[in-house]
Each structure stands twice: as structure tokens, then as C-alpha cells.
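Peer 1:
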Amino acid sequence: MKRAALIIFLIVLVDQILKFWIKTNMMLQENIPMIGDWFNIYFIENKGMAFGLEIEGTYGKLFLSLFRIFALGLIGWYLRSLILTKHSKWIITGMCLVFAGALGNIIDSTFYGILFSASTTKTVAEFLPAVGYETLFHGNVVDMFYFPIIKGYFPEWLPWVGGDFFIFFRPIFNIADASISVGVVLAIISHGGFFEKKVKPESSDEELRLSENGISSDIKGEITNQEQEG
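The numbers in the sequence shown follow this note's numbering, run straight up by one, and end at 408.
1) On a CA-only basis, which of LEU293, GLU208, PHE315, VAL339 is nearest PHE198? Give me that one, please.
2) Alpha carbons only, please: which of GLY279, LYS267, PRO326, VAL339 is nearest the one belonging to PRO211?
3) Between which residues of its own chain and ILE186 is the CB-CB distance below 8 Å, once the five residues before and five after are set aside?
4) Look at ILE189 and SER357 and say whether their C-beta atoms are less than 7 Å apart.
5) Residues in its own chain within less than 6 Å of PHE315 by CB, not counting five upstream and five downstream?
6) Please state the DSSP three-state secondary structure of ILE327.
7) What's the C-alpha gap between ILE270 and THR301?
8) Can you tell me where the alpha helix (DSSP H) with MET273 in it begins and where it stops?
9) Give, in chain order, every unbroken run of the alpha helix (DSSP H) that is at least 4 residues long and sits entirely within the segment 199–228.
10) DSSP on VAL192, reduced to helix/strand/coil?
11) Please go through the same chain and pick out, in chain order, the residues whose beta-carbon is closer than 8 Å to the beta-carbon of GLY251, but skip the five residues on each side of it.
12) Go ahead and pull the three-state DSSP assignment for VAL377.
13) I'd like the list of long-range same chain contacts for ILE261, defined as Cβ closer than 8 Å, with 5 residues on each side in sequence excluded.
14) Put ASP355 into one of helix, strand or coil per three-state DSSP.
15) Quick one: using the 10 Å Cβ neighbour count with 16 as the cut-off for buried, is LEU364 buried or exposed?
16) Exposed or buried, ARG246, counting other C-beta atoms within 10 Å across all chains shown (16 or more means buried)?
17) Assign VAL320 to buried or exposed, taking buried as 16 or more other Cβ atoms, counted over all protein chains shown, within 10 Å of its Cβ.
18) Identify whether VAL319 lies in helix, strand or coil by the three-state DSSP scheme.
19) When burial is assigned at 16 or more other CB atoms within 10 Å of the CB, is TYR220 buried or exposed?
20) Output needed for PHE346: all residues of its chain with C-beta closer than 7 Å, excluding positions within five of it in sequence on either side, in chain order.
21) Check for me: the beta strand (DSSP E) holding PHE344 runs from which residue to which?
22) Let me know the secondary structure DSSP gives PHE305 once reduced to three states.
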């Protein structure tokens, strides 16, 4: 339980420290190149789910925030049951990552609207303003990681998208999003037994003794049958 709590705490802490720095030091859509053209810190905010998916409208946003909290409760309950029943450390770690990522984004959508002023393309947000940019449960999630690794055009012969410009990887995300994605993959793989060691069934003392004498269990069975017939 302590190990799970530590994993969750560290991920949420790093996620929130980075988001706080982005929010209070960068203007909206400001870009900081990190490694060449393919890794950038690019500040955007989204009102929806991971990777910019969104439910339109004020009530849609409220529903999404409340649904996130409900889902977090279910994830927490499932994680606790995994720990108490001593499941594989890999699936527990995966669910810790999912829980931490979900919690990180819930903090944004629940509290950031009242903790910060609005970020714009010309101004940096203020922490603890007299009036926040939104109400409780209506905050925006802060995203910043942008990896436009491949840029080019689709071949002309492709239907529908032929000749169109494309970027891979286009979505902009944060540490919480990455934690959820890695956690889901890790939980699925570990649930399938990928990390489990195959253990040979233990042989009985009698089988071990016969094996040491060069006698197999099959021969032992034949000897037993002959003795019974005799």
C-alpha cells in the first residue's frame, strides 16, 4: 500500500509542478523548442479529456468533471482490491499510474478555474487572482508536450486524404495523460501474464527419488501394477 501511495504521490506532484510552472510562466500557445523540431513545450489548454477530446457546452464540461471524479473512485476501489488480494506488482503499478494520471487531470478541471486567471496569447496567468477564469469543476486541463516527429504529405493516390499535409504525433498532452496511457498498457500486458514466470509443478519426494535412480514415473506405475497383479 505504501509503495502504491508513493507512486501516485510522485506522479501527481511532478505533474502539478510542471503545470503550475507552465501556467504562471508561459502565454497560451507559446512554444519552447527542446530537441530539434520534434520535441517542443507548447502550452495549450483543453476543456475535455486526454489529447484534446472534448464534450461541448457548460453542462458537458460539468458532466465530464463529475464523471472523472466518479471514475477515479472506481479506479481507487479496484486498485485497493488488487493490493489487498496481493495481485501482480505489475498490474498494481499499472493501475497506480492510471489513478495518478486521472487525479492529476481532475485537479486541473476541478480547481484551476478558481485558482488562476485566464491564460491568453498575450498574458501569463496569475495565481490566486481576485476572480478566477471559471467556476468550480469548469477549469481547463493544461497540456504541454508536443512531438511533431514526422511531417509530410499523404501520397496523391490515397483516397480522401491524398495530398493532405500530416503531422505525426499531433496530439499535445501532459504527464497525467502519459501516465494513464502507460498504466493501461502495463495493466493489460500484466493481466495477460506477460510478466509472470512459468513455474514447473513440484515433483513429489517419491518421484524425485525414482528420478535419481534413473526410474521414470511411468516405469514406477508399471512396477506398481505388476505388484498388484502378483
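Glycine residues also receive a C-beta, built at the ideal position from the N, C-alpha and C atoms.
The model shown is predicted, which means the values in this text are computed figures rather than measured ones.
Peer 2: According to the data block:
1) For PHE198, the nearest C-alpha among the options comes from LEU293.
2) Looking at the Cα atoms, PRO326 is the closest of the given residues.
3) Within the same chain, ILE186 has close Cβ partners CYS274, PHE277, ALA278, LEU281.
4) Yes.
5) The residues are LEU240, SER243, THR288.
6) ILE327 sits in coil when the DSSP states are folded into three classes, being neither helix nor strand.
7) Whole-angstrom Cα-Cα distance: 42 Å.
8) Start and end: 267–293.
9) Secondary structure remark: continuous alpha helix (DSSP H) runs of at least 4 residues inside the segment 199–228: none found.
10) Helix.
11) Within the same chain, GLY251 has no close Cβ partners at all.
12) Low per-residue confidence applies at VAL377: pLDDT is 47, beneath 50, and the placement is therefore not dependable, though the value from the model is reported in the following sentence. In the structure shown, VAL377 adopts coil according to DSSP, grouped into three states.
13) For ILE261, where only same-chain residues beyond five positions count, the Cβ hits under 8 Å are MET179, ALA182, ILE270.
14) DSSP places ASP355 in the helix class (H, G or I) of the three-state scheme.
15) It counts as buried.
16) By the Cβ neighbour-count rule, ARG246 is buried, with 16 or more other Cβ atoms within 10 Å of its own.
17) Under this definition VAL320 is a buried residue.
18) Strand.
19) Result: buried.
20) Excluding sequence positions up to five before and after PHE346, its CB lies within less than 7 Å of the CB of ILE327, ILE328, all in the same chain and listed in chain order.
21) Start and end: 343–346.
22) DSSP places PHE305 in strand when its eight states are reduced to three.
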